[in-house]
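Asker:
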Amino acid sequence: MKKLTSKALRILVKRHATLSDLLNEYHFSSEEELFQAIRKIYSHGDEAQRIFSAFQKNSKKANTPSPEQTQSPCEQTIEEHANPVEATKVELDISEQQANTEPLSRQAQLEAEEQSLSSNLIGLENQHKELVSQHLSSKKVLLRMQSILEEMQRLMSAHCTNLERELERIQATSAAIAEVSQKKRTVAAHLKEVRAELEELKKVSIFVYASGLLELENGEIPATVSSEETLQNKFMELIQYPRASEFSVTLKEINTVAKLLLWTEYLASSGLAFEISFDSEEVQRFYEAVTAFTTA
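Converting from the sequence shown to my numbering requires adding 33 to each position, the first position being numbered 1.
1. Which value, in whole angstroms, describes the spacing of the CA atoms of E314 and Y320?
2. Does F85 come out as helix, strand or coil in the three-state DSSP assignment?
3. Which residue from S244, L164, V174, R218 puts its Cα closest to that of N288?
4. Provide the residue(s) that pair with I309 in DSSP beta bridges, ordered along the chain.
5. Output needed for L196: all residues of its chain with C-beta closer than 6 Å, excluding positions within five of it in sequence on either side, in chain order.
6. Counting beta carbon pairs with one atom in the stretch 143-160 and one in the stretch 245-256, are three or more of them shorter than 8 Å?
7. What's the C-alpha gap between Q109 and V237?
8. Compare the C-beta of L188 with all C-beta atoms of chain D and state if any pair is closer than 8 Å.
9. Taking the beta strand (DSSP E) that E250 falls in, what are its first and last residues?
10. Just to confirm the assignment, what range does the alpha helix (DSSP H) spanning D79 have?
11. Using CA coordinates, which residue listed in R48, H192, Q265 is at the minimum distance from A95?
12. Around the Cβ of S105, are there at least 16 other Cβ atoms within 10 angstroms (buried) or fewer (exposed)?
13. Just the Cα atoms here: how many angstroms apart are I254 and N153?
14. Just curious, the alpha helix (DSSP H) that E315 is in, first and last residue?
15. Among Q140, I84, E279, which residue has its Cα nearest to the Cα of R318?
16. Buried or exposed for A50, going by 16 or more other Cβ atoms inside 10 Å?
17. Quick one: Cα of A306 to Cα of E232, how far?
18. Just verifying my parser: in three-state terms, what is the DSSP assignment at F68?
19. Taking C-alpha atoms, which residue in S207, R187, Q148, C193 lies nearest to S166?
20. Roughly how many angstroms lie between the CA atoms of M189 and K173, to the nearest whole one?
21. N266 to A291, Cα distance in whole Å?
22. Taking K267 as part of the alpha helix (DSSP H), name the residues at either end of that continuous run.
23. In this structure, how does DSSP classify I155 when only helix, strand and coil are distinguished?
24. Could you give the C-beta distance for E58 and K35, rounded to a whole number, given that I count them as a contact under 8 Å?
25. Between E147 and the ligand ZN, is there a pair consisting of the residue's CB and a ligand heavy atom that are separated by less than 7 Å?
26. Buried or exposed: where does L284 fall if 16 or more other Cβ atoms within 10 Å of its Cβ makes it buried?
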């Protein structure tokens, strides 16, 4: 049984997959079982409901095709192979729309939440320091009073009331310190999770398909980075790679890897984190070997 992941869900939504597609692909027995699986992946907020609703909308659109959308998925696939340039443009437009709407919206929410949590944590830190100071001060008062009671037994009665008051204050501040310490740990852990998710959302994703198509998500590459002349030079470098004959890759796939190298070099020089997903294991092996060779 294939594993359902957040990345797979994003790709399927973008490709207008329906609930029926997911039930068949991942062998779920019902929509309720599918929804529970999505909830396990998105444990924060209402992201699971939003993803599920997107598949419901895709299902409704699939059941009521518009005049402009009368082709079956198979026909659309054939048409995309017949015109790969137009298919590439459409997929890139969809990727840009997804990057400019959902991830950015979630990123803005997380940045606001991070700012709020950071301010809250600073306030708790100050409160913790103040309570610790009060706690130590009260202990000093208690020790001083105990010394007075030992030296001056006749004043015991007068100081008993103050002693009890300070003991109560120590108990109260001790409980408050424990409570604030727990809140600190909780907020700090949540802040760490939010920052980690923010970093993940800011990461650029590159999808390398067997057809030779490169798809970019959550980022942008200037056209000059992979201009015709630059791409041709990089292609010639890969053709001259000493171990090129060890890999079963076509000239088209070598050209795809050349373009991918230009993209990753640009992202690395810009200080942007990225991840790459390959459809072809052989293309991936060739890319990793070339990368290791050029960085050695």
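Each residue gets a CB set at the ideal place from its N, CA and C atoms; glycine is no exception.
Just so it is clear, the structure is predicted and the values come from calculations on it, not from any experiment.
Answerer: This is what the structure gives:
1. Here residue 314 is taken as the residue at index 281 of the sequence shown, counted from 1. Here residue 320 is taken as the residue at index 287 of the sequence shown, counted from 1. Going by C-alpha positions, E314 is about 10 Å away from Y320.
2. For the purposes of this step, residue 85 is taken as the residue at position 52 of the sequence shown. F85 falls in the helix class under three-state DSSP.
3. Position 255 of the sequence shown, counted from the start, is the residue given in the question as residue 288. Here the closest residue by C-alpha is S244.
4. As a first step, residue 309 must be located in the sequence shown, where it is residue number 276. Bridge partners of I309: I239.
5. Against the sequence shown, residue 196 aligns to sequence position 163. Sequence-distant Cβ neighbours of L196 in its own chain, meaning closer than 6 Å and more than five residues away, are M178.
6. Contact fails between the stretch 245-256 and the stretch 143-160, because fewer than three Cβ pairs, one in each stretch, are under 8 Å apart.
7. Counting from 1 along the sequence shown, the entry for residue 109 is found at position 76. Counting from 1 along the sequence shown, the entry for residue 237 is found at position 204. Unreliable placement is indicated for Q109, whose pLDDT of 45 sits below 50; no coordinate value is reported for it.
8. Among the chains of the structure shown, chain D does not appear; only one protein chain is present.
9. Counted from its first residue, the sequence shown places residue 250 at position 217. E250 -> beta strand (DSSP E) spans 247-250.
10. Taking the first residue of the sequence shown as position 1, residue 79 is located at position 46. Boundaries cannot be given for D79, as no alpha helix (DSSP H) includes it and DSSP labels it neither H nor E.
11. As a working mapping, residue 95 is identified with position 62 in the sequence shown. The shortest Cα separation from A95 among R48, H192, Q265 belongs to R48.
12. The count along the sequence shown starts at 1 and reaches residue 105 at position 72. Note that S105 scores a pLDDT of 40, beneath 50, so its modelled location is shaky; the value from the coordinates is reported in the next line. Classification of S105: exposed, given that the 10 Å Cβ count is below 16.
13. For this step, residue 254 is matched to residue 221 along the sequence shown. For this step, residue 153 is matched to residue 120 along the sequence shown. Spanning the two alpha carbons is a distance of roughly 38 Å.
14. As a first step, residue 315 is located in the sequence shown; it is residue number 282 there, counting from the start. For E315, the uninterrupted alpha helix (DSSP H) run begins and ends at 314-328, by DSSP.
15. Here residue 318 refers to the residue found at position 285 of the sequence shown. Minimum Cα distance to R318 is reached at E279.
16. Mapped onto the sequence shown, residue 50 falls at position 17. Buried, because 16 or more other Cβ atoms sit within 10 Å of the Cβ of A50.
17. The residue you call residue 306 lines up with position 273 of the sequence shown. The residue you call residue 232 lines up with position 199 of the sequence shown. Distance between the alpha carbons of A306 and E232 is about 9 Å.
18. Translated into the one-based positions of the sequence shown, residue 68 becomes position 35. F68: helix per DSSP, three-state reduction.
19. Mapped onto the sequence shown, residue 166 falls at position 133. Minimum Cα distance to S166 is reached at S207.
20. Here residue 189 is taken as the residue at index 156 of the sequence shown, counted from 1. Here residue 173 is taken as the residue at index 140 of the sequence shown, counted from 1. Using only the alpha carbons, I get a separation of about 18 Å.
21. As a working mapping, residue 266 is identified with position 233 in the sequence shown. As a working mapping, residue 291 is identified with position 258 in the sequence shown. Each residue's CA atom was taken as its position, placing N266 and A291 some 9 Å apart.
22. The residue given as residue 267 occupies position 234 in the sequence shown. Here the alpha helix (DSSP H) through K267 covers 261-272.
23. Numbered from its first residue, the sequence shown carries residue 155 at position 122. Here I155 sits in helix by DSSP.
24. Taking the first residue of the sequence shown as 1, we reach residue 58 at position 25. Taking the first residue of the sequence shown as 1, we reach residue 35 at position 2. With 8 Å as the limit, E58 and K35 qualify as a contact, their Cβ atoms being about 7 Å apart.
25. In the structure on display, the ligand ZN does not appear, and there are no ligands present to speak of.
26. Within the sequence shown, residue 284 is the residue found at index 251, counting from 1. L284 is classed as exposed because its beta carbon has fewer than 16 other beta carbons within 10 Å across all chains shown.
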